[in-house]
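Residue numbers (the working numbering): 1 to 64.
See structure below.
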Amino acid sequence: MAKTALLVWEIGEGLGHLPTLKVIAGALQERGWSIVFALRDVEATRASLSSLDARIVQAPYWPN
């Protein structure tokens, strides 16, 4: 059975979370996991994650 990890951009205004999530995703992929990112700003993060074989989907966004 394939394992899938969902990594999520839940709160925050910047992209500071991305390097940490990318390291986690890479380590999981090396162990055979599939990765899905649910991100608030898909376009701003796509280039940063292009080295990973990961699915990127739009996370819900409720402006303040």
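Think of the CB as a built atom: it goes at the ideal place given N, C-alpha and C, for glycine as much as any other residue.
Model, not experiment: these values are computed from the prediction.
Locate the alpha helix (DSSP H) running through residue 28, then write down its first and last residues.
18 to 30
Starting from residue 46, trace the alpha helix (DSSP H) in both directions and tell me its first and last residue.
42 to 46
Residue 49 to residue 62, Cα distance in whole Å?
24 Å
When you compare only the Cα positions, how much space is there between residue 30 and residue 4?
13 Å
When DSSP labels each residue in this structure, what does residue 34 get in the three-state scheme?
strand
To the nearest angstrom, report how far apart residue 66 and residue 19 are at their CA atoms.
Because the chain is modelled from 1 through 64, residue 66 falls outside the range shown and cannot be assessed.
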